[in-house]
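Protein chains in written order, with our numbering: chain A, 1 to 293; chain B, 1001 to 1277; chain C, 2001 to 2423. Take a look at the structure set out below.
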């Protein structure tokens, strides 16, 4: 029996090995190498590099460009997390209700999520540019009242956020719908029997039941927000004047435009630390919330 | 009773109208893109919100030819299909192995896989590129497939491990008493049971890989997949929105069809993936 | 069973990869094996010129096919990805990264090749093609310039002439605005179009006065903060920004700005000679001139930023070095150089070739003949400084920082960038 067990364990180990190999080659090793690169002066096309200690990190924390991208990322993430959550919640309540053609509506709201962010970005550049211009021409709105969607520093980040919300709201809506379906139908029906209206049901039963899902969606939205790259790259290239340069774009520019790969990796490691701390904290908060509830 | 039912139905109508309005707003950008893809350059310059005089099918002909769309589409299918299948193969083995392997190592390895979810792609980007280059995996589709296979690992392994744990052990033991080896038992009994979770992870990864831009851009360096080709096309045909929009429609149709066919799995997959991840 | 399945999968995969990758066709053409040279560049305005040249080259060397690939969207990053992935084009434009790329060992040293003798010395020896040790990493193909495009018809309509001094320039702006004409067209949504505005001023205000400013900066003898000319550059850039499509400058892209100039919606636009082709494409009849930016009350300060621009390098690891050199040689033949100039509307770097590709060429030649040109400006800047400089420009335009702070930031950024590329 002992021998059989051992053989069995060997087979299980053999099952794990292929995935482990792939994982180590394309994830673990590059990750460890990144930690090392961030401590070197690695530069663009040159294959050699020297250890320079924490110099890159010291520079990152003083670099106005990086600090700006940090601010941009935080603002953008906050905007998208709040707005996408609200819209996704609203949509899920609508579709959970007494609506006809549920499936079609669900598909329409989810549709943007199927497109690549590159294409989504281009469509919105077109909307903010040509379409908006045609629209104000048609309505004969005087030029002084035109909105500079992507050209104004304050507006550009919001415009980008709107694009992101449009793209992702359907995804989070699906999660909320699943969450709503988990709430017992009996509970809802019992409340309705007691004469509770739609609002009361949402306010006192559905919404409280969704709180853990809201927490989880927020975690997903926040981590996605921190990693935002495609939209600012395709829509604004980070402009005007860095107003939409997210951390991920900043890392990319430092590494592939300015050729400073070591320095860029140090920025990337800081991004990793921030995301892990944040997710860890959020999960802890959420765990505590659930224990209480 | 009668009036009550009547009330529900009319309330259903009201909420349907509200939803319809919101859906129209959501659909507006797509609609604009589709409409403009049928216009000539001059028509778009005149107004981007008017309808075309006659559908300009030649936009589509031009785009399909200029981007070598058929080839690019097949490439995207190959990368997505290859990456997802290969990954499912190794992930289901590993997920099951981790669930059944009764050693402390198994928990440690699971933790290792799990912790990878905290690492953003940008953190490993540069080092991954040099690794792939040293292994001569760059510039080719199959190299990209292997990299994807490795990068996707964490979530499927974790999900499949959780799912495998819920498969009753008696089922496997019964099979083994009948003289079935572990390997055979895995393929005959476990794999069929894993189907739902495999479908879930597959559809999610399909959507991810199909639309991914940065990794193929870095690994391939050539416009071989659909998002890359759209990006190149945009750069080369600046301001020619009629072509850009036609390109967008052509490249979005396949994924919409995929959604319509797989709707059930995608919807369940997102819910399950989120609840467990 | 499993093994067979795996083999089949591998076969299918590799088969489709081969057809997908666009493997070179190695058919026999006559006696010689047919080969394909891959040419990578970012000069959209030269697409037509290259197509014609490639046809003529193919007629002479039927066994060589040249495939051109033009990447305009982020070409530097794409080239970098190519180099990193080992997918190195046989012939490519390293652009401002040329020296960095050469340092990585990706380029063939062309020094001593016979065809380089056809190139003018000042172009060949320019610091962006030949390094201090005499290695020539790229062959200059054309000369270009950056300056102020102006609509001659609009200028004539209001009795304006080319300004020699800054106050004359300000007078012109005032007149145009009084007449309701937008002075400058700007397409700052494409951030790179801001840089020429500053460089055109720097040609006169900084490098026209001290051609060795870079070495002075490296040696610590001078700095952005200490050089008054740099403050002038930033102030002039802001002057341009305030007198044009200011409100929509950051909503408009490069093509949009070109269209404004082409359609007479603005009287001037600051950019490189390469903008001529797109502008003429929109409106072939627009009557344009090119002028330098006055920076002071001394006419002698007003110099045009003129430089050898486009260069081609051969990959160090190309399988067809001989054929690659044949193509470069072909480009230096006078009749080909003339074809190049007239089609892509640029100056040639080949000796003795001068083409009146456009009436505007006369304007530039006048500056060259009178020696009122400056060839330096950003040519010798460290790569990593470029991004910092560009962000400083837009930061200043949008009042995000004081000029004093910006100068200090630039000084620091320069030193960091220089240190990063040398170890």
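Backbone N, C-alpha and C define an ideal beta-carbon position, used for all residues, glycine too.
The alpha-carbon of residue 1074 of chain B is positioned some 41 Å away from that of residue 2195 of chain C. In this structure, residue 169 of chain A sits near residue 91 of chain A, with a CB-CB distance shorter than 8 Å. Taking the Cα of residue 1120 of chain B as reference, the smallest distance to any Cα among A/273, A/280, A/281 is reached at A/273. Shown here for residue 223 of chain A: same chain residues with a beta carbon closer than 8 Å to its own, the five before and five after excluded, namely 275, 278, 279 in chain order. Residues of the same chain with a CB within less than 8 Å of the CB of residue 1259 of chain B, apart from the 5 flanking positions on each side, are 1266 in chain order. In the structure shown, residue 2313 of chain C adopts extended strand secondary structure according to DSSP, grouped into three states. For residue 1077 of chain B, the enclosing alpha helix (DSSP H) starts and ends at 1069 to 1100.
Taken in chain order, the whole alpha helix (DSSP H) runs of length 4 or more contained in the region 168 to 232 of chain A are 185 to 193, 198 to 201, 207 to 226.
DSSP, reduced to helix, strand and coil, places residue 2038 of chain C within a strand of the structure shown. With a threshold of 8 Å between beta carbons, residue 14 of chain A makes no contact with chain C. Taking the C-beta atoms as reference points, residue 2379 of chain C is found no nearer than 8 Å to residue 2121 of chain C. The C-beta distance from residue 1216 of chain B to residue 1144 of chain B rounds to 6 Å, short enough to fall under 8 Å. Burial is judged here by how many other beta carbons sit within 10 angstroms of a residue's own beta carbon; residue 204 of chain A has fewer than 16 and is exposed.
Secondary structure of residue 2052 of chain C (DSSP, three-state): helix. The alpha carbon of residue 1027 of chain B has as its nearest neighbour, out of A/48, A/167, A/225, A/33, the alpha carbon of A/167. Counting of Cβ neighbours within 10 angstroms places residue 1043 of chain B among the buried residues, the total reaching 16 or more.
For residue 1070 of chain B, the nearest beta carbon of chain C is not closer than 8 Å to its own beta carbon. Among the residues of the region 2266 to 2288 of chain C, none has a Cβ less than 9 Å away from any Cβ of chain B. Here the C-alpha atom of residue 188 of chain A lies approximately 13 Å from the C-alpha atom of residue 93 of chain A.
For residue 1215 of chain B, the nearest beta carbon of chain C is not closer than 8 Å to its own beta carbon. The continuous alpha helix (DSSP H) containing residue 1236 of chain B extends over residues 1226 to 1236. A contact is defined here as three or more CB-CB pairs under 8 Å, and the region 42 to 61 of chain A fails this definition with respect to the region 1148 to 1161 of chain B.
For residue 34 of chain A, at least one C-beta of chain B is nearer than 8 Å to its own C-beta. Here residue 193 of chain A is exposed: its Cβ has fewer than 16 other Cβ atoms, across all protein chains shown, within 10 Å.
The Cβ atoms of residue 229 of chain A and residue 1234 of chain B do not sit closer than 8 Å to each other. Short of 8 Å from the beta carbon of residue 2328 of chain C, and not among the five residues preceding or following it, lie these beta carbons of its own chain, in chain order: 2091, 2110, 2113, 2115, 2139, 2312, 2314. Looking only at B/1070, B/1225, B/1100, B/1261, the smallest Cα-Cα distance to residue 6 of chain A is reached by B/1100. Residue pairing by DSSP places residue 2290 of chain C opposite C/2149 in a beta bridge. For residue 124 of chain A, the chain B residues whose Cβ falls inside 9 Å of its Cβ are 1029, in order along the chain. Residue environment for residue 1123 of chain B: buried (at least 16 other C-beta atoms within 10 angstroms of its C-beta). At a cut-off of 8 Å between C-beta atoms, residue 1248 of chain B counts as an interface residue with respect to chain A. Contacts with chain B (Cβ-Cβ distance below 8 Å) from the region 2053 to 2079 of chain C involve 2070, 2071, 2072, 2073, 2074, 2078, listed in chain order.
Residue 41 of chain A belongs to the set of residues whose beta carbon lies under 8 Å from a beta carbon in chain C.
Apart from the 5 residues on each side of it in sequence, residue 1132 of chain B sits with its Cβ closer than 7 Å to the Cβ of 1138, 1143, 1147, 1219 in its chain, given in chain order. Non-local beta-carbon contacts of residue 1080 of chain B in its own chain, meaning distances under 6 Å to residues more than five positions away in sequence, involve 1206, 1209, 1210 in chain order. The beta carbon of residue 206 of chain A is closer than 8 Å to those of 93, 96, 180, 183, 188 in its chain, skipping five residues each way along the sequence.
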